[in-house]
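A.B. asks: Input: one structure, supplied below.
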Amino acid sequence: MIAIIDYNIGNIAAVANMLRRIGVPCRITANPSEVKEANRIILPGNGSFDACMHNLRASGLIPVLEDKVLNNGVPLLGICVGAQMLGTGSEEGQERGLGWLDMRVRRFPDLAGLKVPHMGWNQVTPQQPNNVLTQEMNEGTRFYFVHSYFMDPANKDDVLLQANYGVEFAAGVCRGNIAGVQFHPEKSHRFGKQLLTAFGKGK
């Protein structure tokens, strides 16, 4: 069972609906006991970095998440701001991130002809071809993005997927059992189904 963490941020029902559509059992929960029972975890995020981190801390779920993910190696997938929160902090605000990855979040530079936020479909290039999340991807794989800030891992080996929007940026990150994607798989049709199936049913 996948626990989708509910900490009063954004519309997370779409993530659950996509998982159910592909036959992956899931539960939207803010209950620590239910999180403890999960064999996979999704950390969604929407809006500002500081608001997400503030709400997650207020939920009291960080200790159980750290125990599951850091101590017991349970796979976790962060989505959008949920992926950014895996790092140490963001140029968007003042709150500390979870610090599970050595990663900062930076704002897209002001470049002629490119609007910020980066909004719409964009192609990605896998950087970890042996990762279960990328094995079915090809040159045509693309996802739906809505963001003004992007992940910048200190260790480039942590980059799972790369994309370009004026600058090359990490569209996905992964180290061990901890992964995050900047885009919205729940809005990315067959490509999102493919990625969530790989996460939900992967080894």
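No gaps in the numbering here: position 178 of the sequence shown is 702 in this note's numbering, and each next residue is one more.
Even for Gly, the Cβ is constructed at its ideal location relative to N, Cα and C.
(1) For M661, which residues in the same chain have their Cβ closer than 6 angstroms to its Cβ, ignoring the five residues on either side in sequence?
(2) Compute the beta-carbon to beta-carbon distance between L719 and L657, rounded to the nearest angstrom, for a pair I have assumed lies under 8 angstroms.
(3) Would you call the region 589-604 and the region 559-573 touching, i.e. three or more CB-CB distances under 8 angstroms?
(4) Are at least three pairs of beta-carbons, each pair with one atom in the region 666-675 and one in the region 628-642, less than 8 angstroms apart?
(5) Taking the alpha-carbon positions, what's the E590 to G724 distance?
(6) DSSP puts E692 in a beta bridge; with which residues?
(7) May I ask which residues mark the beginning and end of the beta strand (DSSP E) holding N646?
(8) Should R714 go down as buried or exposed, given a rule of 16 or more other Cβ atoms within 10 Å for buried?
(9) Could you say which of A540, E558 and W624 lies nearest to R699 if we only look at CA atoms?
(10) Nearest to W645 by CA position, among Y668, E663 and G664, is which residue?
(11) Going by beta-carbon coordinates alone, are M627 and G637 separated by less than 7 angstroms?
(12) Have a look at P709 and K717 and give me their C-alpha separation to the nearest angstrom.
(13) Judging by CA-CA distance, which residue of P556, M525, R666 and G617 is the nearest neighbour of G547?
(14) Is the CB-CB distance between V539 and I528 below 7 angstroms?
(15) Give a yes or no on whether 7 angstroms exceeds the smallest Cβ distance from N579 to chain D.
(16) Ordered along the chain, which non-local residues of its own chain (more than five positions away) have a Cβ less than 7 angstroms from that of S712?
C.D. replies: With the structure as the only source:
(1) Locating residue 661 in the sequence shown gives position 137, counting from the first residue. P650, listed in sequence order.
(2) Your numbering for residue 719 matches position 195 in the sequence shown. Your numbering for residue 657 matches position 133 in the sequence shown. That pair is a contact at about 6 angstroms.
(3) Touching, yes, given that three or more Cβ pairs across the two stretches are closer than 8 angstroms.
(4) Output reads yes: the region 628-642 touches the region 666-675.
(5) In the sequence shown, the residue the question calls residue 590 occupies position 66. In the sequence shown, the residue the question calls residue 724 occupies position 200. For E590 and G724, the gap between their C-alpha atoms comes out near 20 angstroms.
(6) If you number the sequence shown from 1, residue 692 lands on position 168. When beta bridges are read from the DSSP output, E692 appears opposite N688.
(7) What you label residue 646 is simply residue 122 of the sequence shown in a count that begins at 1. N646 -> beta strand (DSSP E) spans H642 to Q647.
(8) As a first step, residue 714 must be located in the sequence shown, where it is residue number 190. Result: exposed.
(9) By one-based count along the sequence shown, residue 699 stands at place 175. Ranking the options by Cα distance to R699, first place goes to W624.
(10) Indexing the sequence shown from 1 puts residue 645 at position 121. For the residues Y668, E663 and G664, the minimum Cα distance to W645 belongs to Y668.
(11) Taking the first residue of the sequence shown as position 1, residue 627 is located at position 103. Taking the first residue of the sequence shown as position 1, residue 637 is located at position 113. No; because the gap between Cβ atoms is not below 7 angstroms, this pair is not in contact.
(12) Counting from one through the sequence shown, the residue named residue 709 turns up at place 185. Counting from one through the sequence shown, the residue named residue 717 turns up at place 193. P709 and K717: Cα-Cα distance of roughly 7 angstroms.
(13) Against the sequence shown, residue 547 aligns to sequence position 23. Nearest C-alpha to G547: M525.
(14) Along the sequence shown, one-based indexing puts residue 539 at 15. Along the sequence shown, one-based indexing puts residue 528 at 4. The answer is yes: Cβ separation under 7 angstroms.
(15) Considering every chain present, this structure includes no chain D. It has just one protein chain.
(16) Indexing the sequence shown from 1 puts residue 712 at position 188. Here the set comprises F667 and Y668.
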